[in-house]
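Chains as they are written, first to last, in this note's numbering: chain F, 79 to 431; chain S, 61 to 312. The C-beta atom is built at its ideal place from N, Cα and C for all residues, glycine as well. Owing to the predicted nature of the structure, the values given are computational and were not obtained by experimental measurement. Single-structure report; data block below.
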């Protein structure tokens with residue numbers, strides 16, 4: 079009936095597709111090697127580098143840390159230097175992981191909180207909170223910002239679903255336009271109520287103001303980064319597209335909602351405490367993906383550590399170039415980030431869309 | 061058994077799938093054929109709950125696909141679509157490993173690793189298993205996706221135009237593989253095909269659709285006859301028997 083005469087039930091079918099099969103054992107061994115190479119080596123390499131950067135970050139600054147009899151050096155470290163270094167690392171790790179998750183949700187390599195209207199929406203939320211409930215503590219305003227960021231990002235994803243996307247570049251363009259519109263609204267309101275200065279602080283990352291007691295909200299962002307790691311496999315599946323995600327039984331809408339919640343909260347904590355650092359969530363995930371791929375269970379730790387490291391570098395540069403003054407980290411990152419972004423656009427890889 | 065009951069799906073007033081009722085028994089290979097826009101892929105997407113239906117019901121072993129929990133159904137039925145555009149940059153092995161997601165939720169056990177090894181070997185992908193998908197040829201990538209579905213190890217396996225973009229050698233190998241899934245592993249294989257000769261040569265059952273409706277169904281010897289093909293495709297053709305297989309010549 080069928081031309082299936084060559085089939086032998088239970089026979090050696092492994093070579094059926096015309097390739098040499100080497101058996102399970104070698105496959106299993108390669109897997110173990112890959113696992114250890116894939117996870118351990120980059121992390122083991124990155125951790126000491128970042129710790130070194132953190133030490134440099136603590137030691138960099140105008141005030142002298144030399145042990146004086148009144149213990150002011152120690153006070154400086156505890157009250158200002160250490161909080162600043164921790165804030166840098168927490169914000170960097172959180173934004174890099176958020177960028178990765180957004181790229182999986184939007185299925186586009188060029189998306190991150192500052193190219194999808196997320197950061198702008200968070201700033202609008204902060205502004206509205208200041209106008210509606212000025213007596214709210216920062217945590218309360220941050221919650222407002224998180225909700226606003228959630229709404230803005232959800233709107234972005236809805237637009238992506240409706241617009242025919244002929245090119246991968248359309249996606250960040252739509253995001254930048256949406257961000258521009260939200261930003262215009264925020265600017266208009268801020269101008270009317272004389273709050274332009276606050277707005278500037280939210281949109282441009284500056285860690286010179288960080289003191290003990292004024293950055294701790296970032297730990298919430300870090301906790302969410304850990305949640306992202308615990309659920310990393312789901313976001314990898316989301317990045318395989320809706321059809322494959324549903325085929326393997328993933329509750330697609332629920333995971334998208336979880337991802338949006340994580341990204342919005344992390345962005346809101348950063349905007350509320352130190353201000354947005356643009357391009358970070360774009361540069362780090364793209365470079366890590368290029369080298370290690372996108373199996374997030376394997377790569378998220380590397381992404382988080384590299385994000386922390388890159389922000390430390392930018393901040394150290396900002397503190398050195400015009401010392402004793404400072405260039406805000408957002409500006410340094412903007413320069414480095416836009417250069418890398420440009421490079422990614424020009425040398426667009428086939429899977430970039 | 062897959063029971064499709066009075067399923068309808070419309071877009072903007074046009075019924076793409078129009079009151080289709082069809083029962084596919086367990087086991088064997090069923091091909092779905094028909095002209096472009098006949099609703100074949102849409103029907104397959106509805107059966108595999110990738111797309112909601114407007115009215116009607118689909119039962120897989122008595123399990124209502126629009127109500128069943130995602131992972132319960134994912135352990136019973138899998139689908140491979142033709143446009144597998146993946147943003148995540150994954151190695152072949154990682155991709156195949158995600159076929160175990162319905163069982164392991166991302167934390168692979170030793171048993172999962174065995175399934176993964178077997179699927180990779182079965183598709184002859186061992187030399188490429190640590191390569192990224194974007195570094196493979198179209199045919200290799202197609203086989204990686206088949207390996208992923210194989211790794212999901214479901215009783216029902218659906219394929220939407222799996223021969224698209226494959227050269228003749230790989231198309232034949234893929235059809236032989238699907239045939240073996242039915243014969244050696246007692247899987248129920250449903251496949252949307254464009255080439256009627258492939259359908260004729262490898263199917264136990266052929267279902268023909270036209271304009272969203274079910275046109276005919278039956279074994280190849282009943283379906284591959286000039287009058288029916290003329291009615292389905294609106295093309296004059298002759299049918300030749302070559303050995304046990306009926307081949308269609310529509311080139312004049």
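For residue i, tell me which candidate among the options has the shortest Cα-Cα distance.
{"i": "residue 248(F)", "options": "208(F), 227(F) and 193(F)", "result": "193(F)"}
{"i": "residue 85(S)", "options": "307(S), 280(S), 250(S) and 271(S)", "result": "250(S)"}
{"i": "residue 136(S)", "options": "104(S), 217(S) and 118(S)", "result": "217(S)"}
{"i": "residue 287(S)", "options": "98(S), 279(S) and 299(S)", "result": "299(S)"}
{"i": "residue 180(S)", "options": "151(S), 198(S) and 303(S)", "result": "151(S)"}
{"i": "residue 222(S)", "options": "291(S), 234(S) and 211(S)", "result": "234(S)"}
{"i": "residue 20(F)", "options": "196(F), 396(F), 138(F) and 400(F)", "result": "A query on residue 20(F) cannot be resolved here, the shown segment of chain F reaching from 79 to 431 and no further."}
{"i": "residue 69(S)", "options": "81(S), 281(S) and 199(S)", "result": "81(S)"}
{"i": "residue 235(F)", "options": "189(F), 156(F) and 312(F)", "result": "189(F)"}
{"i": "residue 177(F)", "options": "214(F), 284(F), 160(F) and 195(F)", "result": "195(F)"}
{"i": "residue 309(S)", "options": "285(S), 303(S) and 62(S)", "result": "285(S)"}
{"i": "residue 287(F)", "options": "415(F), 420(F), 165(F) and 422(F)", "result": "165(F)"}
{"i": "residue 267(F)", "options": "233(F), 284(F) and 207(F)", "result": "207(F)"}
{"i": "residue 158(F)", "options": "389(F), 392(F), 180(F) and 285(F)", "result": "285(F)"}
{"i": "residue 185(F)", "options": "318(F), 362(F) and 341(F)", "result": "318(F)"}
{"i": "residue 407(F)", "options": "232(F), 354(F), 220(F) and 376(F)", "result": "354(F)"}
{"i": "residue 156(S)", "options": "174(S), 147(S), 289(S) and 142(S)", "result": "174(S)"}
{"i": "residue 71(S)", "options": "303(S), 61(S), 102(S) and 64(S)", "result": "102(S)"}
{"i": "residue 241(S)", "options": "206(S), 311(S), 184(S) and 185(S)", "result": "206(S)"}
{"i": "residue 298(F)", "options": "424(F), 419(F), 160(F) and 341(F)", "result": "341(F)"}
{"i": "residue 220(S)", "options": "106(S), 227(S) and 146(S)", "result": "106(S)"}
{"i": "residue 122(S)", "options": "65(S), 283(S), 306(S) and 110(S)", "result": "65(S)"}
{"i": "residue 97(S)", "options": "292(S), 296(S), 306(S) and 305(S)", "result": "292(S)"}
{"i": "residue 155(F)", "options": "136(F), 418(F) and 173(F)", "result": "136(F)"}
{"i": "residue 256(S)", "options": "306(S), 302(S), 272(S) and 238(S)", "result": "306(S)"}
{"i": "residue 110(S)", "options": "140(S), 260(S) and 214(S)", "result": "140(S)"}
Run through chain S and tell me which residues come within less than 9 Å of residue i, C-beta to C-beta.
{"i": "residue 390(F)", "result": "Going along chain S, no residue has its Cβ under 9 Å from residue 390(F), so there is no contact; the nearest lies around 26 Å."}
{"i": "residue 367(F)", "result": "148 and 149"}
Below 8 Å on C-beta distance, what does residue i contact in chain S?
{"i": "residue 181(F)", "result": "147"}
{"i": "residue 319(F)", "result": "144, 145, 146 and 147"}
{"i": "residue 186(F)", "result": "147"}
{"i": "residue 375(F)", "result": "166"}
Anything in chain F within Cβ reach of residue i, meaning under 7 Å, just list it in chain order.
{"i": "residue 151(S)", "result": "371"}
{"i": "residue 141(S)", "result": "321"}
{"i": "residue 192(S)", "result": "371"}
{"i": "residue 124(S)", "result": "What residue 124(S) touches in chain F: nothing, since even the nearest Cβ is about 15 Å away."}
Could you name the residues that DSSP lists as bridge partners for residue i?
{"i": "residue 192(S)", "result": "151(S)"}
{"i": "residue 68(S)", "result": "115(S)"}
{"i": "residue 222(F)", "result": "Residue 222(F) is not bridged to any residue."}
{"i": "residue 8(S)", "result": "With chain S covering only 61 through 312, there is no way to say anything about residue 8(S)."}
{"i": "residue 301(S)", "result": "306(S)"}
{"i": "residue 351(F)", "result": "Beta-bridge pairing links residue 351(F) to no other residue."}
{"i": "residue 89(S)", "result": "249(S)"}
{"i": "residue 74(S)", "result": "71(S)"}
{"i": "residue 140(S)", "result": "219(S)"}
{"i": "residue 84(S)", "result": "62(S)"}
{"i": "residue 124(S)", "result": "119(S)"}
Against residue i, what residues of chain F qualify as contacts under a CB-to-CB distance less than 9 Å, listed in chain order?
{"i": "residue 138(S)", "result": "325 and 326"}
{"i": "residue 238(S)", "result": "Within 9 Å Cβ-Cβ: nothing; residue 238(S) doesn't reach chain F, min ~11 Å."}
{"i": "residue 108(S)", "result": "321, 324 and 325"}
{"i": "residue 133(S)", "result": "327"}
{"i": "residue 212(S)", "result": "325 and 326"}
{"i": "residue 227(S)", "result": "Within chain F, no residue comes near residue 227(S); the closest Cβ sits about 12 Å away, beyond 9 Å."}
Report the neighbours of residue i on chain B: residues whose CB is nearer than 9 Å to its CB, in chain order.
{"i": "residue 335(F)", "result": "The chain labelled as chain B is not found among the protein chains of the depicted structure, namely F and S."}
Name, please, each residue of chain F whose Cβ falls closer than 8 Å to the Cβ of residue i.
{"i": "residue 161(S)", "result": "311, 315, 326, 327 and 328"}
{"i": "residue 130(S)", "result": "324, 327, 328 and 329"}
To the nearest whole angstrom, what separates the beta carbons of residue i and residue j, a pair I think is in contact under 8 Å?
{"i": "residue 162(S)", "j": "residue 114(S)", "result": "The Cβ separation is near 27 Å, so there is no contact."}
{"i": "residue 311(F)", "j": "residue 166(S)", "result": "3 Å"}
{"i": "residue 350(F)", "j": "residue 180(F)", "result": "Actually they are not in contact, since the Cβ atoms of residue 350(F) and residue 180(F) sit about 19 Å apart, beyond 8 Å."}
{"i": "residue 326(F)", "j": "residue 212(S)", "result": "7 Å"}
{"i": "residue 201(S)", "j": "residue 210(S)", "result": "That pair is no contact at about 15 Å."}
{"i": "residue 94(S)", "j": "residue 269(S)", "result": "4 Å"}
Check whether the Cβ of residue i lies closer than 7 Å to any heavy atom of the ligand ATP, and answer yes or no.
{"i": "residue 122(F)", "result": "By its list of ligands, the structure shown contains no ligand whatsoever, and the ligand ATP lies outside what it can speak to."}
Which runs of the alpha helix (DSSP H) at least 4 residues long sit entirely within the region 267-309 of chain F? Give them in chain order. Whole alpha helix (DSSP H) segments, 4+ residues: 274-281 and 296-308.
Which runs of the beta strand (DSSP E) fall wholly inside the region 265-296 of chain S and span at least 3 residues, in chain order? Within the region 265-296 of chain S, the complete beta strand (DSSP E) runs of at least 3 residues are 265-270 and 273-278.
I'd like the ranges of any alpha helix (DSSP H) spanning at least 4 consecutive residues and lying wholly in the region 183-211 of chain F. 196-210
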